[in-house]
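Enquirer:
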Amino acid sequence: MLRLSDQPDAVRSAALDPGFGIYIHWPFCRSKCPYCDFNSHVRDSIDQDRWRQALLTELDHYAAQTPGRTVTSVFFGGGTPSLMPPATAAALLDRIAGHWATSPDLEVSLEANPTSAEADSFAGFRAAGVNRLSLGIQALDDTALRFLGRRHDVAEATAAIRLAARCFDRFSFDLIYARPGQEIAGWRRELDQAVALAAGHLSLYQLTIEEGTAFHTLAARGDLVLPEEDRGAALFEITQEVLERAGLPGYEISNHARPGQECRHNLTYWRYGDYIGIGPGAHGRLTRDGGKWAIRGHRAPEIWMQRVEQDGHGSHAAEPVTPDQRWQEMVMMGLRLAEGIRLDRIVQETGAPLGDRVDAGRLARLIDGGFLETDDLRLRATSAGRQRLNAVLGMLLDQR
Amino acid sequence: MTDQSLIRNFAIIAHIDHGKSTLADRMIQLCGGLDDRDMRDQVLDSMDIERERGITIKAQTVRLLYKAKDGQTYLLNLMDTPGHVDFAYEVSRSLAACEGSILVVDASQGVEAQTLANVYQALDNAHDIVPVLNKIDLPAAEPERIRQQIEDVIGLDASEAVMISAKTGLGVGDVLEAIVHRLPAPKGDPDAPLKALLVDSWYDPYLGVVVLVRVVDGHLKVGMKMRMMATGATREIDRVGVFTPKPLLTGALGPGEVGFITAGIKDITETKVGDTLTDERRLASSPLPGFKPSIPVVFCGLFPTDAAEFEHLRDSLGKLALNDASFKFEAETSAALGFGFRCGFLGLLHLEIIQERLEREFDLDLITTAPSVVYKLTMTDGSVRDLHNPADMPDPVKIDHIDEPWIKATIMLPDEYLGGILQLCTDRRGVQIDLTYAGARAMLVYRLPLNEVVFDFYDRLKSISRGYASFDYQMDGYETGDLAKMSILVNAEPVDALSMIVHRSQADKRGRALCERLKDLIPRQLFKIAVQAAVGSRVIARETISAMRKDVLAKCYGGDISRKRKLLDKQKEGKKRMRQFGEVEIPQSAFIAALKMNDN
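As you go down the protein sequences, you meet chains A and B in turn.
The first sequence begins at 4 in my numbering and counts up by one.
The second sequence begins at 10 in my numbering and counts up by one.
(1) Could you name the residues of the region 216-235 of chain A whose beta carbon sits closer than 9 Å to any beta carbon of chain B, in the order they occur along the chain?
(2) The region 370-381 of chain A: which residues have C-beta closer than 9 Å to a C-beta of chain B, in chain order?
(3) Take the Cβ of Tyr129 of chain B as the centre, count every other Cβ of all protein chains shown within 10 Å, and call the residue buried at 16 or more, exposed below.
(4) Is the CB of Phe621 of chain B under 7 Å away from at least one CB in chain A?
(5) My output table needs one value for His102 of chain A: the three-state DSSP class, helix, strand or coil.
(6) Does the distance between the C-beta of Glu265 of chain A and the nearest non-hydrogen atom of the ligand SAH fall short of 6 Å?
(7) Residues in its own chain within less than 8 Å of Pro405 of chain B by CB, not counting five upstream and five downstream?
(8) If you draw a straight line from the C-alpha of Leu113 of chain A to the C-alpha of Ser137 of chain A, how long is it?
(9) Residue ranges of each beta strand (DSSP E) run of no fewer than 3 residues wholly in the region 304-385 of chain B, ordered along the chain?
(10) Could you pull the DSSP bridge partners for His204 of chain A from this structure?
(11) Chain B partners of Thr211 of chain A, CB-CB under 8 Å?
(12) Report the start-end ranges of each beta strand (DSSP E) in the region 309-364 of chain A that is 3 residues or longer and not cut off at the edges.
(13) Any C-beta of chain A within less than 8 Å: which residues of the region 515-548 of chain B qualify?
(14) Taking Cβ to Cβ, would you say Leu530 of chain B is nearer than 7 Å to Ala602 of chain B?
(15) Does the Cβ-Cβ distance between Ile188 of chain B and Gly180 of chain B come in under 7 Å?
(16) In chain A, which residues lie less than 8 Å from Arg588 of chain B when you measure between Cβ atoms?
(17) Taking a cut of 7 Å between CB atoms, which residues from the region 318-336 of chain A lie near chain B?
(18) So which residues of chain B does Tyr65 of chain A contact, with C-beta pairs closer than 7 Å?
(19) By Cβ distance, which residues of its chain are closer than 7 Å to Gly253 of chain A, with the 5 residues on each side in sequence left out?
(20) For Asp277 of chain A, count the other beta carbons within 10 Å of its own beta carbon; 16 or more makes it buried, fewer makes it exposed. Which is it?
(21) Using alpha carbons as the reference points, say which of B:Arg223, B:Ile111 and B:Lys144 lies closest to Glu169 of chain B.
(22) Mapping DSSP to helix, strand and coil, what is Gly63 of chain B?
(23) Are the region 370-380 of chain B and the region 316-336 of chain B touching by the rule of at least three beta carbon pairs closer than 8 Å?
(24) With C-beta atoms as the reference, is Ala237 of chain A less than 7 Å away from Ile187 of chain A?
(25) Counting only C-beta atoms, is Lys573 of chain B closer than 7 Å to chain A at any point?
(26) For Ala316 of chain B, which of B:Ser335, B:Phe308 and B:Ser343 has the nearest alpha-carbon?
(27) Out of B:Ala501, B:Thr253 and B:Met557, which one is the CA nearest neighbour of Gln589 of chain B?
(28) Among B:Val393, B:Ala340, B:Ile510 and B:Lys337, which one has its Cα closest to the Cα of Ala400 of chain B?
(29) Would Val45 of chain A be called buried (16 or more neighbouring beta carbons within 10 Å of its own) or exposed?
(30) I need the straight-line Cα distance from Ile281 of chain A to Gln313 of chain A, nearest angstrom please.
(31) With 7 Å as the threshold, decide whether the Cβ of Ala394 of chain A is near any Cβ in chain B.
(32) Excluding five sequence neighbours on each side, which residues of the same chain lie with their C-beta closer than 8 Å to the C-beta of Ile442 of chain B?
(33) If distances are taken between C-alpha atoms only, which option among B:Gln157, B:Lys196, B:Gly299 and B:Gln515 comes closest to Ser14 of chain B?
(34) Would you say His301 of chain A faces chain B, with C-beta separation under 7 Å as the test?
(35) Measuring alpha carbon to alpha carbon, tell me which residue in B:Lys573, B:Ile554, B:Ser555 and B:Lys518 is nearest Ala563 of chain B.
(36) Mapping the DSSP letters down to three states, classify Leu217 of chain B as helix, strand or coil.
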């Protein structure tokens with residue numbers, strides 16, 4: 004049985020309100036990375052004034068729909084938002100402060116690439132109000148960086164991490180592992196280095212092949228082969244072990260933090276809280292008028308821009324999320340977290356308690372198998388369950 | 010009516026690929042039965058599947074007018090016959106409608122097992138036989154050697170064998186001359202009461218049931234009230250004609266003639282093949298000998314992959330049965346596969362052809378369970394019952410003993426493969442009856458249990474002999490065997506569709522093979538899975554599928570939850586039709602794949 008005393012205080016005190024976040028998407032990159040299927044585009048020139056204005060306009064639009072809410076986090080993602088002029092970030096943050104109340108510990112994260120050119124603007128972003136930097140390091144190995152199509156090398160990455168440590172209260176960086184041919188020993192060395200460079204947070208993703216990427220083409224031709232299940236599992240397990248020993252346990256499947264240093268913005272997603280998405284292809288989930296709505300922006304930057312200038316926002320029509328879908332989404336997200344899902348939140352979101360939502364036999368089998376745990380407060384996936392979450396979800400959410 | 014002295018009724022006996030259909034095509038062309046516009050290859054094989062596989066399934070008939078060198082015009086009735094053992098029954102009815110046969114043998118391949126069986130049948134029907142050596146234009150042709158082989162193996166005088174190349178047309182005229190001069194004319198009594206053999210019947214969507222007949226004595230004409238002697242049914246004949254090969258209405262048929270009639274019959278079961286037709290107003294005193302009915306010997310379950318297709322499958326089976334009286338089916342339920350049908354076939358090729366026709370002509374996606382034979386169970390209370398489906402096996406304590414069908418098989422093969430084939434027959438519990446040689450070809454006669462043959466014997470035979478062995482069999486009675494039901498258990502729960510009746514000596518091997526196969530086919534699950542083969546309570550083979558170690562999306566942020574939800578929905582879609590075994594759920598597709606591999 005789950006002992007909640009195992010959980011960090013911040014998690015234990017997580018209130019019924021999972022927070023309210025604002026995501027801002029900057030859709031441009033210097034070049035496309037071969038593994039990335041995010042909404043990113045390469046453009047020769049960008050009309051910075053027009054872009055700043057459009058993002059502000061869409062912010063105004065959503066502010067009008069969410070009066071009285073308190074913003075707990077802002078996240079600049081992309082694309083490569085560190086390519087955005089710091090003044091744009093400053094203008095957006097000023098506007099946010101004008102529209103909404105903000106929590107005293109408001110988290111403002113920015114994704115950045117560790118090239119020296121981008122590192123030059125760290126101070127500017129700090130001054131604009133960014134208080135947490137997330138660096139896309141991806142590997143601490145030059146060969147792997149070239150394979151991943153990155154524009155930086157290990158030396159540049161290390162310098163950027165050190166600069167981030169000086170400029171920002173909090174910072175994190177990403178690494179991608181389970182690369183083709185990757186050995187356990189080499190990954191362990193990379194992890195040791197990463198832990199030495201890290202402060203309170205690390206994101207460690209297994210490489211996945213996504214449709215519409217260069218890697219997908221290679222994989223389809225058989226020119227790129229990912230490690231098979233057992234090796235992938237071994238790499239995952241060693242990752243959990245090393246990070247736990249270093250004091251950054253996995254609080255989510257791919258995210259590790261010292262207690263209290265978790266990314267609050269992402270926690271809002273995983274706790275199935277509300278967030279609005281600003282910018283091309285950004286997603287939002289909003290509770291209003293007694294229902295939950297899924298909102299997504301037009302993906303193509305030019306079309307999004309045109310719509311904003313014409314209509315004040317660049318989103319498709321909001322789609323209702325049914326109680327069943329809310330249950331599914333909440334479980335998919337919440338079981339990724341080590342803390343699991345609050346049972347009272349299940350009732351709050353879906354209108355029915357856990358017992359009405361799941362097949363008791365399946366739940367019992369998953370618990371007996373050591374994949375799920377539950378008490379009178381929470382349902383959570385064990386580490387074994389998180390490692391096999393797709394299969395666990397497949398069984399738990401089967402509606403037959 | 011044609012003078013019987015100018016009529017010749019003949020069948021062509023040949024092994025697959027020895028050129029029967031090509032020879033028939035050439036003869037039709039030479040006699041002007043079809044102009045070039047209507048002529049296509051294998052004109053007598055009307056089903057797509059026959060044309061593609063180059064085999065004949067249904068017997069066909071065609072009337073040819075041949076102007077012989079003696080100046081007379083002869084009426085030739087060609088009965089095309091299937092070459093495969095499964096359709097031996099069709100062969101026997103064709104032979105019964107003729108006075109003579111042409112034996113076509115490939116001049117390089119020589120005599121094959123099926124040819125042999127069919128020649129013996131023709132001899133049983135008191136046929137005169139004209140041997141024809143085909144493909145003599147090929148470099149590999151050895152007409153002299155093959156001529157000798159025909160004499161040695163069949164015991165037929167081949168000194169006057171006709172040398173031809175059906176492909177080029179060389180010698181085809183000589184075959185027609187031989188038919189006229191070396192085969193006997195029919196000798197029916199034109200004044201006697203009507204006696205006609207019901208050779209075949211089929212359902213035509215426009216005409217209703219069409220009946221193929223051979224008139225022996227008397228006459229048959231439109232308007233006549235006929236009686237079918239075995240069933241006692243009477244009908245008025247409304248059409249009489251012949252195939253040229255296009256249907257041509259003639260209004261009447263006389264003694265010695267072959268043709269078709271329709272009589273407003275809607276249900277094919279009314280027309281019993283082998284029955285004798287006579288004139289209701291002038292009854293024949295006794296029926297023709299007829300022939301014994303065909304009996305399904307191989308059974309299997311056919312299930313639609315999509316349960317919603319069950320009714321469509323039922324309709325399709327019904328339509329096929331309209332034209333194939335030898336094909337039987339009844340509804341069956343399986344816990345693993347849902348609703349389907351237990352179907353009986355004349356043999357494995359028959360099974361395969363029905364399956365393929367269902368998939369092709371009726372657009373069905375099917376699951377076929379492992380073929381089984383008909384066992385005779387003698388219960389402890391002395392009663393005897395047939396078992397068509399291993400799933401219906403009663404409690405073994407109530408069974409006194411089980412009898413299984415045996416066959417007598419003839420295998421002809423180049424002697425270099427003899428060792429491998431002998432081993433195969435021994436592995437399959439075969440008992441050698443005879444081993445003889447004709448040149449470099451060996452002829453093996455074995456008694457074998459049919460259940461060992463339906464289980465991939467033919468494929469193994471082909472593979473061991475690189476396709477050079479030919480095989481033929483006939484049913485050869487029942488014998489008591491040490492047989493038991495072998496169950497396949499997944500997490501201790503039986504998978505009914507995979508159970509089979511096996512001889513105890515074969516159980517371990519079969520069980521191991523099936524467990525290994527399932528281990529490869531069942532995807533890893535959250536829990537480890539035990540796959541076992543058991544006879545009664547004794548486990549004879551076991552495999553373990555270890556639990557999955559990892560299955561998770563690395564990245565799930567950026568707020569795009571809808572996409573992840575769709576991924577999950579897709580994953581669920583793929584797991585439709587799961588069946589629970591203990592704590593795991595296994596997709597039906599794994600069992601289907603295991604059954605499909607049985608086909609290899």
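Idealized CB from N, CA, C, for every residue including glycine.
Expert: So, from the listed chains and residues:
(1) For the region 216-235 of chain A, which is checked against every Cβ of chain B, the residues closer than 9 Å are Glu232, Asp233 and Gly235.
(2) Closer than 9 Å at the C-beta level to chain B, one finds these residues of the region 370-381 of chain A: Asp371, Gly372 and Phe374.
(3) In the second sequence, counting from the first residue as 1, residue 129 of chain B sits at position 120. Tyr129 of chain B is exposed by the Cβ-count criterion.
(4) This structure gives no information on residue 621 of chain B, because the portion of chain B shown stretches from 10 to 609.
(5) Counted from its first residue, the first sequence places residue 102 of chain A at position 99. In the structure shown, His102 of chain A sits in a helix (DSSP, three-state: H, G or I).
(6) Judged by which ligands are present, the structure shown has none, so any question about the ligand SAH falls away.
(7) For the purposes of this step, residue 405 of chain B is taken as residue 396 along the second sequence, with counting starting at 1. Within the same chain, and ignoring the five residues on either side of Pro405 of chain B in sequence, the residues whose Cβ sits closer than 8 Å to its Cβ are Ala493, Lys494 and Gly545.
(8) Mapped onto the first sequence, residue 113 of chain A falls at position 110. Mapped onto the first sequence, residue 137 of chain A falls at position 134. Computed Cα separation, rounded: 6 Å.
(9) Fully enclosed beta strand (DSSP E) runs of 3 or longer: 307-313, 337-343, 347-354 and 375-377.
(10) The residue given as residue 204 of chain A occupies position 201 in the first sequence. Beta-bridge annotation (DSSP): His204 of chain A is paired with A:Ser175 and A:Ala260.
(11) Reading the first sequence from its first residue, position 208 is the one you call residue 211 of chain A. Neighbourhood of Thr211 of chain A in chain B, by CB distance below 8 Å: Leu562, Ala563 and Lys564, in chain order.
(12) Fully enclosed beta strand (DSSP E) runs of 3 or longer: 322-324.
(13) Within the region 515-548 of chain B, contact with chain A at the beta-carbon level (separation under 8 Å) is assigned to Arg533, Gln534, Leu535 and Phe536.
(14) Position 521 of the second sequence, counted from the start, is the residue given in the question as residue 530 of chain B. Position 593 of the second sequence, counted from the start, is the residue given in the question as residue 602 of chain B. Contact annotation: Leu530 of chain B and Ala602 of chain B have beta-carbon atoms nearer than 7 Å.
(15) Against the second sequence, residue 188 of chain B aligns to sequence position 179. Against the second sequence, residue 180 of chain B aligns to sequence position 171. Contact flag unset, no.
(16) For the purposes of this step, residue 588 of chain B is taken as the residue at position 579 of the second sequence. Those within 8 Å of Arg588 of chain B in chain A number zero; the least Cβ separation is about 11 Å.
(17) Answer in chain order: Gln328, Gln331, Glu332, Met335 and Met336.
(18) The residue labelled residue 65 of chain A in the question sits at position 62 within the first sequence. At a beta-carbon threshold of 7 Å, none of the residues of chain B lie near Tyr65 of chain A; the nearest stands roughly 13 Å away.
(19) Looking up residue 253 of chain A in the first sequence gives position 250. Excluding sequence neighbours, Gly253 of chain A sits near Gln243, Leu246, His259 and Ala341.
(20) Counting from 1 along the first sequence, the entry for residue 277 of chain A is found at position 274. Its Cβ being crowded by 16 or more others within 10 Å, Asp277 of chain A is buried.
(21) The residue given as residue 169 of chain B occupies position 160 in the second sequence. Taking only the C-alpha atoms, the option nearest Glu169 of chain B is B:Ile111.
(22) Position 54 of the second sequence, counted from the first residue, corresponds to residue 63 of chain B. In this prediction, Gly63 of chain B scores a pLDDT of 49, lower than 50, which makes its location untrustworthy; no coordinate-derived value is stated.
(23) With contact defined as three or more Cβ pairs closer than 8 Å, the region 370-380 of chain B and the region 316-336 of chain B are in contact.
(24) Position 234 of the first sequence, counted from the start, is the residue given in the question as residue 237 of chain A. Position 184 of the first sequence, counted from the start, is the residue given in the question as residue 187 of chain A. For the pair Ala237 of chain A and Ile187 of chain A, the CB atoms are nearer than the 7 Å cut-off.
(25) Position 564 of the second sequence holds residue 573 of chain B. Yes, its Cβ sits closer than 7 Å to a Cβ of chain A.
(26) The residue given as residue 316 of chain B occupies position 307 in the second sequence. Nearest C-alpha to Ala316 of chain B: B:Ser343.
(27) As a working note, residue 589 of chain B is residue 580 in the second sequence. When only C-alpha atoms are compared, the closest one is B:Ala501.
(28) Locating residue 400 of chain B in the second sequence gives position 391, where the first residue counts as 1. Of all alpha-carbon atoms in B:Val393, B:Ala340, B:Ile510 and B:Lys337, the one lying nearest the alpha-carbon of Ala400 of chain B is that of B:Ile510.
(29) For the purposes of this step, residue 45 of chain A is taken as the residue at position 42 of the first sequence. Under this definition Val45 of chain A is an exposed residue.
(30) In the first sequence, residue 281 of chain A corresponds to position 278, counting from 1. In the first sequence, residue 313 of chain A corresponds to position 310, counting from 1. Straight-line spacing of the CA atoms in Ile281 of chain A and Gln313 of chain A works out to 16 Å.
(31) The count along the first sequence starts at 1 and reaches residue 394 of chain A at position 391. Ala394 of chain A counts as touching chain B.
(32) As a first step, residue 442 of chain B is located in the second sequence; it is residue number 433 there, counting from the start. Once the five neighbours on either side are set aside, the close Cβ partners of Ile442 of chain B are Lys417, Val454, Tyr455 and Arg456.
(33) Taking the second sequence and counting its residues from 1, the one referred to as residue 14 of chain B is at position 5. Nearest option by C-alpha distance: B:Lys196.
(34) Here residue 301 of chain A corresponds to residue number 298 of the first sequence, with the count starting at 1. Output row for His301 of chain A: interface = no.
(35) To locate residue 563 of chain B, count along the second sequence from 1; it is residue 554. Answer by Cα proximity: B:Lys573.
(36) As a working mapping, residue 217 of chain B is identified with position 208 in the second sequence. Residue 217 of chain B is actually Gly in this sequence, not Leu. DSSP places Gly217 of chain B within a strand segment (E or B) once states are collapsed to three.
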